[in-house]
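Read the structure below first, then the notes.
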Amino acid sequence: MIREEIQAALTEALRAVAAECGIDEPSLPAIELTDPPNPEMGDFSTNVAMVGCKQVKMAPRQLAELLVPHLEASDLVLERVEIAGPGFINMFMDRSWLHNTVAEVLRTRDEYGQSTQPTGVKMQVEFVSANPVGPVHIGNARGAPFGDCLASLLQAAGNDVQREYYVNDGPFNTQALTFGLSIQARYLEALGKPIEFPENGYQGDYVVEMARRLVDEHGDALAERAADPEAAHEFFIMFEDEILAQAREDLKEFGVEFDVWYHERELYEDPEAPDATGMRGFIKRQLDALMAADQAYEHDGAIWLRTGDFGDEKDRVLVRSDGRPTYIAGDAAYAANKFARGFDHVIYIFGPDHAGYVPRLQAVLAACGFDLDRVEIIVYQNVRMVRGGETVKLAKRKGQIYSVRDLIDEVGRDAARFFFLMRSNDSHLDFDLDLAVSQSEENPVYYVQYAHARICSIARQAEERGFEFGDKPDLSLLSDASELALMRKMADYPHELRVAAEGRAPHRLTTYLRELTQAFHQFYTNCQVLNSEDMALSTARMALTEATRQVLANCLGILGISAPERM
RNA sequence: GCGCCUGUAGCUCAGUGGAUAAGAGCAACGGACUUCGGAUCCGUGGGCCGGGGGUUCGAAUCCCUCCAGGCGCACCA
Numbered sequence: 048m049i050r051e052e053i054q055a056a057l058t059e060a061l062r063a064v065a066a067e068c069g070i071d072e073p074s075l076p077a078i079e080l081t082d083p084p085n086p087e088m089g090d091f092s093t094n095v096a097m098v099g100c101k102q103v104k105m106a107p108r109q110l111a112e113l114l115v116p117h118l119e120a121s122d123l124v125l126e127r128v129e130i131a132g133p134g135f136i137n138m139f140m141d142r143s144w145l146h147n148t149v150a151e152v153l154r155t156r157d158e159y160g161q162s163t164q165p166t167g168v169k170m171q172v173e174f175v176s177a178n179p180v181g182p183v184h185i186g187n188a189r190g191a192p193f194g195d196c197l198a199s200l201l202q203a204a205g206n207d208v209q210r211e212y213y214v215n216d217g218p219f220n221t222q223a224l225t226f227g228l229s230i231q232a233r234y235l236e237a238l239g240k241p242i243e244f245p246e247n248g249y250q251g252d253y254v255v256e257m258a259r260r261l262v263d264e265h266g267d268a269l270a271e272r273a274a275d276p277e278a279a280h281e282f283f284i285m286f287e288d289e290i291l292a293q294a295r296e297d298l299k300e301f302g303v304e305f306d307v308w309y310h311e312r313e314l315y316e317d318p319e320a321p322d323a324t325g326m327r328g329f330i331k332r333q334l335d336a337l338m339a340a341d342q343a344y345e346h347d348g349a350i351w352l353r354t355g356d357f358g359d360e361k362d363r364v365l366v367r368s369d370g371r372p373t374y375i376a377g378d379a380a381y382a383a384n385k386f387a388r389g390f391d392h393v394i395y396i397f398g399p400d401h402a403g404y405v406p407r408l409q410a411v412l413a414a415c416g417f418d419l420d421r422v423e424i425i426v427y428q429n430v431r432m433v434r435g436g437e438t439v440k441l442a443k444r445k446g447q448i449y450s451v452r453d454l455i456d457e458v459g460r461d462a463a464r465f466f467f468l469m470r471s472n473d474s475h476l477d478f479d480l481d482l483a484v485s486q487s488e489e490n491p492v493y494y495v496q497y498a499h500a501r502i503c504s505i506a507r508q509a510e511e512r513g514f515e516f517g518d519k520p521d522l523s524l525l526s527d528a529s530e531l532a533l534m535r536k537m538a539d540y541p542h543e544l545r546v547a548a549e550g551r552a553p554h555r556l557t558t559y560l561r562e563l564t565q566a567f568h569q570f571y572t573n574c575q576v577l578n579s580e581d582m583a584l585s586t587a588r589m590a591l592t593e594a595t596r597q598v599l600a601n602c603l604g605i606l607g608i609s610a611p612e613r614m
């Protein structure tokens with residue numbers, strides 16, 4: 048990659064100058080390569096002379112003067128080097144580097160942009176993890192494409208990445224129990240018995256419908272169990288598989304597939320020695336370990352974790368005074384489980400409702416003795432669905448559900464993903480449903496897809512008209528300003544991918560895609576691809592066009608958005 | 001009250017240490033094709049980058065402070 052080559056050459060140049068001046072190598076500044084604000088200022092630029100000038104006690108421009116000859120002597124395909132402004136070193140590359148990029152895209156195809164060297168790092172991205180008590184709700188929807196796309200980015204960067212969904216179905220999980228109680232109440236209600244619907248119960252119609260099915264299948268045989276609050280978890284379990292199956296299907300349609308659905312329940316189970324107390328498995332092991340290490344202690348009949356020693360505002364309860372573990376115990380055990388499975392790095396993706404839980408989770412993990420450098424928690428901010436200029440109000444408990452399924456039905460998967468991924472995760476997002484639905488020029492996702500379809504159309508056209516392109520396009524014929532700009536954008540792709548991965552910033556890719564697309568449309572307007580009068584040029588332009596299609600498809604692929612051949 | 005996030009063009013947002021031009025999309029206005037898809041392209045107007053102070057050769061970007069909005073602060077998850 049060109050950037051690596053330039054950085055290597057700069058490092059070499061700095062080293063040489065340092066040697067001339069008798070400066071220690073370790074104190075050399077990091078090389079930063081930037082894009083000049085204007086193509087007239089060159090292809091690449093660096094500020095090393097300004098950053099490094101203090102150490103050599105020179106003026107920035109003076110240091111730059113010393114560096115330039117070394118650069119010129121390097122293997123880089125430089126046309127010329129200039130020193131500009133306060134001390135920038137601007138490099139003008141020979142055009143061949145752009146032509147080489149086109150050839151590289153056509154050689155590496157699907158692989159173009161991805162890291163060629165595996166890092167060997169085993170990573171896990173855990174996301175969505177919505178409570179399995181109903182359809183996947185829009186509140187969790189932003190995390191789905193974000194986590195999925197981030198995972199793809201990390202894979203492209205050479206990591207071994209696993210996507211995981213944590214199913215909160217533990218026997219003491221409040222949401223699951225509340226859902227069970229809701230089913231119980233609706234079941235009794237369907238039997239014509241007087242009921243008191245649980246406070247905070249799930250009021251959705253689907254709960255009523257599920258309870259009705261219980262009546263169809265079992266009549267009143269479950270009435271006794273349904274009247275027993277202790278049996279709430281049983282009633283939850285009856286529908287868990289069904290709910291998860293639907294979640295799996297909806298998310299799949301949203302382009303998100305998980306490698307592992309990890310059940311909280313499993314933390315409480317031990318296949319070797321099932322235990323009625325429900326305290327075996329990782330939960331028990333983790334609690335025992337914490338007590339043994341004196342990180343947990345008993346107080347007021349409960350067991351507390353010393354999170355206060357690790358930056359939390361107070362210690363937190365692990366096991367309630369009635370013996371039921373809290374979710375914190377589950378999270379501690381789950382983390383232990385993750386590391387036991389051999390991940391080097393685990394990433395949690397949280398919705399805005401869990402933002403306040405971040406310091407606490409960090410304290411829990413620290414108290415458990417886990418290395419926080421191996422844990423990353425990313426929070427995404429709220430989404431506001433807007434329709435007709437009005438905020439769409441949603442309340443899951445009240446049954447006003449706007450699910451991922453509804454969203455896909457309304458705006459389609461591609462638009463939905465693009466809109467969610469368009470904004471930085473820590474920016475609040477206004478999702479304009481009207482705009483997402485509109486199949487017009489206003490909709491950014493079509494702008495990009497249109498370019499892809501257009502390219503496919505050119506290829507079809509070429510075939511119909513019987514164009515026969517040579518095997519070896521003479522790419523040096525590509526010299527129009529719009530061609531150069533387009534090639535430059537393609538050349539940036541690997542770097543964009545890397546920056547997006549490192550910054551955990553999938554949204555950068557949507558910006559990049561628009562720029563690449565714009566460069567293509569400009570080229571298309573300025574340059575005719577198919578011209579039977581000039582086959583050599585047509586061949587070169589067809590290669591450029593195909594390379595563009597490839598990069599568009601690769602980038603759309605990372606975003607999980609389709610690249611249509613026709614629209 | 002405490003914590004997290006945000007404040008950039010009329011609207012929605014990029015840019016998070018660099019260049020005496022702060023960008024995009026949409027909206028507004030004006031243009032472009034007898035040729036490969038007009039879901040396209042070109043142009044114009046529009047900004048004390050929330051206010052103030054500081055660090056730096058250099059700040060929308062880092063620090064402090066104030067203001068405004070969103071979200072969170074359980075022996076719930």
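Numbers given in this note's numbering equal positions in the first sequence, counted from 1, plus 47.
Glycine residues also receive a C-beta, built at the ideal position from the N, C-alpha and C atoms.
From a predicted model like this one, the values you see are computed outputs, not experimental measurements.
Specify, as a first and last residue, the run of the alpha helix (DSSP H) that residue 458 falls within.
From DSSP, the alpha helix (DSSP H) with residue 458 extends over 451–458.
Within 10 angstroms of its Cβ, does residue 280 collect 16 or more other Cβ (buried), or is it exposed?
Buried, because 16 or more other Cβ atoms sit within 10 Å of the Cβ of residue 280.
At 3 residues or longer, what runs of the beta strand (DSSP E) sit wholly inside the segment 146–215?
As far as the segment 146–215 is concerned, its whole beta strand (DSSP E) runs of at least 3 residues are 169–173 and 207–214.
Out of curiosity, what's the CA-to-CA distance linking residue 596 and residue 305?
Taking the straight line from one Cα to the other gives about 28 Å.
Leaving out the 5 sequence neighbours to the left and right, which residues in its chain are closer than 8 Å to residue 103 when beta-carbon positions are compared?
If we look at residue 103 and ignore the five residues flanking it on each side, its Cβ neighbours are 64, 65, 68, 70 and 110.
According to DSSP, is residue 552 helix, strand or coil?
The answer is coil: DSSP assigns residue 552 none of H, G, I, E or B.
Could you please give the first and the last residue of the uninterrupted alpha helix (DSSP H) stretch that includes residue 291?
Its alpha helix (DSSP H) spans residues 279–300.
Indicate whether the contact test is met: 3 or more Cβ pairs, each with one atom in the segment 418–428 and one in the segment 145–158, closer than 8 Å.
Verdict: no, contact absent.
Out of 242, 549 and 571, point me to the one whose CA is closest to residue 498's CA.
For the residues 242, 549 and 571, the minimum Cα distance to residue 498 belongs to 571.
Cα separation between residue 556 and residue 125?
Each residue's alpha carbon lies about 29 Å from the other.
DSSP three-state call for residue 373: helix, strand or coil?
Correct three-state label for residue 373: coil.
What does residue 351 pair with, by DSSP beta-bridge criteria?
Bridge partners of residue 351: 344 and 364.
I believe residue 521 touches residue 583 by the beta-carbon criterion, under 8 Å. Please report the beta-carbon distance rounded to the nearest angstrom.
Indeed they touch by this definition, with Cβ atoms about 6 Å apart.
Between residue 394 and residue 409, what straight-line distance do the alpha-carbon atoms span, to the nearest angstrom?
One C-alpha to the other measures close to 12 Å.
In the structure shown, what three-state DSSP assignment does residue 126 receive?
In this structure, residue 126 counts as strand in the three-state DSSP scheme.
Would you call the segment 426–442 in contact with the segment 469–487, where contact means no fewer than 3 C-beta pairs closer than 8 Å?
Verdict: yes, contact present.
What span of residues does the alpha helix (DSSP H) with residue 598 cover, start to end?
Unbroken alpha helix (DSSP H) run through residue 598: 582–606.
Tell me which residue opens and which closes the alpha helix (DSSP H) that residue 32 is part of.
With the chain covering 48 to 614 only, the question about residue 32 has no answer from this structure.
Would residue 95 and residue 61 be called neighbours here (beta carbons separated by less than 8 Å)?
Yes, they are a contact pair.
So, at 6 Å on beta carbons, what are the nonlocal neighbours of residue 259 in its own chain, with the 5 sequence-adjacent residues on each side left out?
So the list reads 237, once near-sequence residues are dropped.
Looking at the structure shown, is residue 537 part of a helix, part of a strand, or coil, going by DSSP?
Reduced to three states, the DSSP call for residue 537 is helix.
Within 8 Å, do at least three Cβ pairs link the segment 262–270 to the segment 214–223?
Contact fails: fewer than three Cβ-Cβ distances are below 8 Å.
Would you list, in sequence order, the uninterrupted beta strand (DSSP E) runs of no fewer than 3 residues that lie entirely inside the segment 400–427?
Whole beta strand (DSSP E) segments, 3+ residues: 422–426.
How far does the beta strand (DSSP E) with residue 394 in it extend, from its first residue to its last?
Residues 392–397.
Could you check how far apart the C-beta atoms of residue 194 and residue 175 are, in whole angstroms? I think they sit under 8 Å.
Their Cβ separation, rounded to whole angstroms, is 7 Å, which keeps residue 194 and residue 175 in contact under 8 Å.
Going by DSSP, which residues form a beta bridge with residue 479?
Beta-bridge pairing links residue 479 to 433.
Compare the C-alpha of residue 603 against each of 213, 530, 482 and 461 and name the closest.
Ranking 213, 530, 482 and 461 by Cα distance to residue 603 puts 461 first.
Can you tell me whether residue 537 is buried or exposed, with buried defined as 16 or more other CB within 10 angstroms of its CB?
Buried: at least 16 other Cβ atoms inside 10 Å.
Tell me the rounded alpha-carbon separation between residue 450 and residue 188.
Roughly 8 Å between the two C-alpha positions.
Checking 8 Å against the spacing of the C-beta atoms, do residue 334 and residue 544 come in under that value?
Cβ atoms of residue 334 and residue 544: not closer than 8 Å.
Identify the continuous alpha helix (DSSP H) that holds residue 504 and give its terminal residues.
Run containing residue 504: 491–511, per the alpha helix (DSSP H) assignment.
List in chain order: all unbroken alpha helix (DSSP H) runs of 4+ residues lying wholly within the segment 90–138.
Whole alpha helix (DSSP H) segments, 4+ residues: 95–103 and 107–119.
Suppose the cutoff is 7 Å on Cβ atoms and the five residues either side in sequence are ignored; what does the same chain contact list for residue 390 look like?
The answer, listed in chain order, is 169, 170 and 171.
Just grab the DSSP bridge partners of residue 80 for me.
In DSSP, residue 80 forms a bridge with 93.
With a Cβ-Cβ cutoff of 8 Å, do residue 483 and residue 611 count as a contact?
Result no, Cβ atoms of residue 483 and residue 611 do not sit closer than 8 Å.
Put residue 46 into one of helix, strand or coil per three-state DSSP.
In this structure the chain extends from 48 to 614, so residue 46 is not present and cannot be described.
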